[in-house]
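Number of protein chains: 2
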Amino acid sequence: MTPESTVYIGKKGTMAYVLAAVTQINQHGATEITLKARGKAISRAVDVAEILRNKFLTDAKIKDIRISTEEISGDEGNTIKVSAIEIKITK
Amino acid sequence: MTPESTVYIGKKGTMAYVLAAVTQINQHGATEITLKARGKAISRAVDVAEILRNKFLTDAKIKDIRISTEEISGDEGNTIKVSAIEIKITK
Numbered sequence: 010m011t012p013e014s015t016v017y018i019g020k021k022g023t024m025a026y027v028l029a030a031v032t033q034i035n036q037h038g039a040t041e042i043t044l045k046a047r048g049k050a051i052s053r054a055v056d057v058a059e060i061l062r063n064k065f066l067t068d069a070k071i072k073d074i075r076i077s078t079e080e081i082s083g084d085e086g087n088t089i090k091v092s093a094i095e096i097k098i099t100k
Numbered sequence: 010m011t012p013e014s015t016v017y018i019g020k021k022g023t024m025a026y027v028l029a030a031v032t033q034i035n036q037h038g039a040t041e042i043t044l045k046a047r048g049k050a051i052s053r054a055v056d057v058a059e060i061l062r063n064k065f066l067t068d069a070k071i072k073d074i075r076i077s078t079e080e081i082s083g084d085e086g087n088t089i090k091v092s093a094i095e096i097k098i099t100k
């Protein structure tokens, strides 16, 4: 069993998510981190992955990147389609 | 030789790039399209890929997704690091 952990990327600053991922690895022993983001946060997820790989986890590798379309329920019973990304990083 | 084509995703509306990619395939015989984007345009590149795959090129597959960090020269001789994505789609 590989200890896995997911970090959901939202509207906070990039470094908040970098710190969350580093904490999962250093304090909770995760060896695989999945960054998940939707919509405009996708760019931030890529920033987080690149900062992790270049500065904080230089021995880490990007194992897989997947993109998809998710449907979100709107306030008025409608559905909105939004792009999503999953970036899997292994130590 | 596989006819390859690159579409650079910038600040225009998403559909402008979807149309550019469809034109490369339908009129110019490209069988492989690479979408490239940097910074905030990364989210738009994912949107373009998802719209292509779900609506216009339903037989297309995402062959590869790579992320990287590029250095851009600033106005004052400084360099700025920016995340980049390449999404390769094959017909």
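Just so you know, the sequences run in chain order D and Y.
Residue 10 is where the first sequence starts when you use my numbering, and the numbers rise one by one after that.
Residue 10 is where the second sequence starts when you use my numbering, and the numbers rise one by one after that.
Just so it is clear, CB atoms sit at the ideal spot from N, CA and C, and this is done for glycine as well.
Bear in mind the structure is a predicted one, so any value in this text is a computation, not a measurement.
Contact defined as beta carbons within less than 8 Å: I believe D/I94 pairs with D/A54. What is the distance between those atoms, to the nearest angstrom? In the first sequence, residue 94 of chain D corresponds to position 85, counting from 1. In the first sequence, residue 54 of chain D corresponds to position 45, counting from 1. So it is a contact: roughly 6 Å between Cβ atoms.
From the DSSP secondary-structure annotation, give me the bridge partner or partners of D/S82. Here residue 82 of chain D refers to the residue found at position 73 when the first sequence is read from its first residue. DSSP output for D/S82 lists D/T88 as bridge partner(s).
Confirm, please, whether the CB-CB distance from D/K72 to D/K100 is below 8 Å. As a working note, residue 100 of chain D is residue 91 in the first sequence. As a working note, residue 72 of chain D is residue 63 in the first sequence. For D/K100 and D/K72, no; Cβs fall outside 8 Å.
Residue burial classification, D/R75 (beta-carbon count within 10 angstroms, cutoff 16): Looking up residue 75 of chain D in the first sequence gives position 66. Per the 10 Å Cβ criterion, exposed.
Taking Cβ-Cβ distances below 8 Å as the criterion, which residues of the stretch 46-79 of chain D are in contact with chain Y? G48, K49, A50, I51, S52, V55, D56, A58, E59, N63, I71, I74, R75, I76, S77 and T78
DSSP has D/T99 in a bridge; who is on the other side? Counted from its first residue, the first sequence places residue 99 of chain D at position 90. For D/T99, which the question treats as bridged, DSSP gives the partners D/E41 and D/K70.
Whole angstroms is fine: what's the gap from D/Y17's alpha carbon to D/K45's? Here residue 17 of chain D corresponds to residue number 8 of the first sequence, with the count starting at 1. Here residue 45 of chain D corresponds to residue number 36 of the first sequence, with the count starting at 1. So the alpha carbons of these two residues sit roughly 5 Å apart.
Which runs of the beta strand (DSSP E), 3 residues or longer, sit entirely within the stretch 20-64 of chain Y? The stretch 20-64 of chain Y contains these whole beta strand (DSSP E) runs: 41-47.
Under the three-state reduction of DSSP, which class applies to D/I94: helix, strand or coil? Indexing the first sequence from 1 puts residue 94 of chain D at position 85. In this structure, D/I94 counts as strand in the three-state DSSP scheme.
Quick one, which of Y/S82, Y/G22 and Y/A39 has its alpha-carbon nearest Y/P12's? Walking along the second sequence from the start, residue 12 of chain Y turns up at place 3. It is Y/A39.
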